[in-house]
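Undergrad:
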Amino acid sequence: MDHDAELLGALEPRQFSAVQQQKLPRRALGRFTRALLVLLRLYIIVAVPVVVYAFVRALDTPH
Amino acid sequence: MTEHLLTQDFAPELTREDRMRARDRLKVRRSRAAKRRLHLLWLLAGPGVLVMLGENDGPSMVSYATTGATYGIGFFVPFILLTFLMSVVVQEMTVRLGIATHRGHAELIFQRFGPMWGYFAMADLVVGNLLTLVTEFIAVQAGGLYFGVPAWISVAIGAGLVILSQALRRYATWERILMALAVGNLLFIPAALFAHPSGAELARAVATWGPLPGGFGTAFLTLLLANIGATVTPWMIFFQQSAVVDKGLTRADLSQGRIDTALGAALAAVAAIATLVAASPLYAAHADVSQFSSGADFASALRPYLGNAGASLFALGMIEAGMVAAMTISTSSSYALAETMSARHSLNLDFTGGRVFYAASIGSVLIAAAIVLIPGAPLLAMTLTVNVIATLLMAPALLFLLLLANDREIMGDLANGRWANLAGGSIVVAIASIGAFYGVITVFPQLLGQ
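Note that the protein sequences, when read in sequence, are chains A and B. Under the numbering used here, the first residue of the first sequence carries the number 1, and numbering increases by one thereafter. Under the numbering used here, the first residue of the second sequence carries the number 1001, and numbering increases by one thereafter.
#1: Quick test of the definition: if touching needs 3 or more C-beta pairs under 8 Å, does the region 1095–1115 of chain B touch the region 9–24 of chain A?
#2: Taking 8 Å as the CB-CB limit, is Thr1208 of chain B close to chain A?
#3: Give me the Cα-Cα distance between Leu1130 of chain B and Ile1389 of chain B, rounded to the nearest whole angstrom.
#4: How far does the alpha helix (DSSP H) with Asp1350 of chain B in it extend, from its first residue to its last?
#5: Report the rounded CA-to-CA distance for Pro1078 of chain B versus Arg1355 of chain B, giving the unit in angstroms.
#6: My output table needs one value for Gly1215 of chain B: the three-state DSSP class, helix, strand or coil.
#7: Which class does Asn1308 of chain B belong to by DSSP, given the choice of helix, strand or coil?
#8: Taking beta-carbon pairs under 8 Å, can you tell me which members of the region 22–49 of chain A lie near chain B?
#9: With a threshold of 8 Å, are at least 3 pairs of Cβ atoms found where one atom belongs to the region 1220–1227 of chain B and the other to the region 1055–1064 of chain B?
#10: Helix, strand or coil for Ala1285 of chain B per DSSP?
#11: State the DSSP-derived secondary structure class of Trp1209 of chain B, mapped to helix, strand or coil.
#12: What is the rounded straight-line gap between the Cα of Asp1407 of chain B and the Cα of Ala1100 of chain B?
#13: Could you give the distance in angstroms between the alpha-carbon of Ser1334 of chain B and the alpha-carbon of Ile1163 of chain B?
#14: Quick one: is Phe1298 of chain B near chain A, going by C-beta distance under 8 Å?
#15: For chain B, find out if any of its Cβ atoms is closer than 8 Å to the Cβ of Ala10 of chain A; answer yes or no.
#16: With a threshold of 8 Å between beta carbons, is Ala5 of chain A in contact with chain B?
#17: With 16 other CB atoms within 10 Å as the buried threshold, where does Val1140 of chain B fall?
#18: Could you confirm whether any beta carbon from chain A is found closer than 8 Å to the beta carbon of Glu1409 of chain B?
#19: Quick check for students: name the residue ranges of the alpha helix (DSSP H) that lie wholly in the region 1037–1061 of chain B, counting only runs of 4 or more.
#20: Looking at the unbroken alpha helix (DSSP H) that takes in His1345 of chain B, where does it start and where does it end?
#21: Between the alpha carbons of Ala1118 of chain B and Ala1192 of chain B, how many angstroms are there, rounded?
#22: Counting only the same chain and skipping the five closest in sequence on each side, list residues whose C-beta sits under 6 Å from that of Val51 of chain A.
#23: Pair every Cβ in the region 1360–1374 of chain B with every Cβ in the region 1392–1401 of chain B, then say whether three or more of these pairs are closer than 8 Å.
#24: Would you check if the distance between the CB atom of Asn1185 of chain B and the CB atom of Leu1053 of chain B is smaller than 8 Å?
#25: Just to confirm, are Thr1233 of chain B and Glu1055 of chain B a CB contact at a threshold of 8 Å?
#26: Quick check: Thr1135 of chain B and Met1382 of chain B, are their CB atoms within less than 8 Å of each other?
#27: Verify whether the separation of the beta carbon atoms of Ser1280 of chain B and Gly1068 of chain B is less than 8 Å.
#28: Using a Cβ-Cβ distance under 8 Å, would Arg1103 of chain B count as near chain A?
#29: Please state the DSSP three-state secondary structure of Leu1401 of chain B.
#30: What are the residues in the region 1365–1380 of chain B lying within 7 Å of chain A by C-beta distance?
#31: Please work out which residues of its chain come closer than 6 Å, Cβ to Cβ, to Ala1159 of chain B, disregarding the five sequence neighbours upstream and downstream, and give them in chain order.
#32: Grab the span of the alpha helix (DSSP H) containing Gly1290 of chain B for me, first residue to last.
#33: Closer than 8 Å by beta-carbon distance: list the chain A residues that pair up with Pro1396 of chain B, in chain order.
#34: Tell me where the alpha helix (DSSP H) around Phe1113 of chain B begins and ends.
#35: Who are the neighbours of Ile1389 of chain B on chain A, taking C-beta pairs under 7 Å?
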């Protein structure tokens, strides 16, 4: 069994689970970044139903 | 890199999770001090190999087999190599993020971008992971059917083994067992050799990016997206970053983390191309694979060309692909959900401390296994569609990754450089463009004269 002191020294301070539980502060998002995030969210909202439509159409189409 | 952002002091107190990780780190420290380079690489390898071979999962192998049976040896051989190169670029960023922040991807998105974007990212991941898990059990069931095992027995055994793997309560043991299982992905290589592939034909395909019979159309684009979705998917980002943190990689381990990722990609690319090659006799025979319902149909159809041994290896490979991926993907869900709920998240946790973590994995496995057993489900169509959805969900996931990898407050000097941004940005644009084009021609097929 390893000694606690040796084990303590094996981890960097930020690797302890207690430190990992601490939250990082929120970052400020610029206008461009926010626009990109919104754009890609809209892309997903439009694209996924299209794939579902293609899936359903493929099932209905006799081979 | 995040010390200056933390406000509270702490008194070091070893939890079970810390103790397990510290033991692993002691081994690494001793190996590094003894300058045993290969041993050090062996100790530090894992997340990269697992994420890459894990992504060679049931739907991916079916996508590669469908590609081989539809297009033969040609354009898609170098294309698969390109997609794995893309995945190395993407996954290397997760290694740096994990090392710089010692935090999982989901918690970083929540903490740095706020809950709204966090929940969007999580919704993408949870839906994508659950759909993908379903297809992993389709692969397990299909492989079992080839050997005459009833579907419900294969799925029950598969789900049981995935849940059992969570009972190890030790990251290092879990990782080594999965790596041993993941070697089974290479079963597709001997299966491909039974197809007697021509080395010259493969070299010509890599050199010329051809031939491409049939040209561009919805089917081509679907397979293009499915092949991209077979190598770069959101769960990989969440999994590798969390695994790097759980394993305890530090700044000193960055080069081994990169080698681990590249090695995993190389092994996975060889297995992927082998799957395409193994299925290529069906292209030569003009077989119609559109009616195939699963990987088992591929194995049965390939028996006249690969023989019993080759077809059995193919079916075994499908079972392995489904099992390893089910274990890694369900763990990815566990990490992300527990991180989102600010619950403890580590494979080093005991059941009491990791209730949320283990419940997420077990719950998703049980739901996915139940869906697979619904009678008459269109399994092949589901499998290909899941990869397409994974590709579409990749664009926003990559944007979050790029934003985090450029966040100098948390990354310090490990932040992305110009080339990483150029490569990452190009991948986002390429994936989003192909996805958009796919959407347009799906709704308006007449644009391609179909």
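Beta carbons are placed, not taken as given, at the ideal position from N, Cα and C, and that holds for glycine.
TA: Reading it off the structure:
#1: yes
#2: no
#3: 12 Å
#4: Asp1350 of chain B -> no alpha helix (DSSP H), and no H or E assigned at all.
#5: 44 Å
#6: coil
#7: helix
#8: Gln22, Lys23, Leu24, Pro25, Arg26, Arg27, Leu29, Thr33, Leu36, Leu37, Leu40, Arg41, Tyr43, Ile44, Val46, Ala47, Val48
#9: yes
#10: coil
#11: coil
#12: 11 Å
#13: 12 Å
#14: no
#15: yes
#16: no
#17: buried
#18: yes
#19: 1037–1044, 1047–1055
#20: Segment: none, His1345 of chain B is in no alpha helix (DSSP H) and carries neither H nor E.
#21: First, the amino acid is wrong: residue 1118 of chain B is Gly here, not Ala. Their backbone Cα atoms lie some 43 Å apart in a straight line.
#22: none
#23: no
#24: yes
#25: yes
#26: yes
#27: yes
#28: yes
#29: helix
#30: Pro1378
#31: Val1365, Ala1369
#32: Note that residue 1290 of chain B corresponds to Ser in the displayed sequence, not to Gly. Where Ser1290 of chain B is concerned, there is no enclosing alpha helix (DSSP H), given that its DSSP letter is neither H nor E.
#33: Leu37, Leu40, Arg41, Tyr43, Ile44
#34: 1105–1113
#35: Val48, Val51
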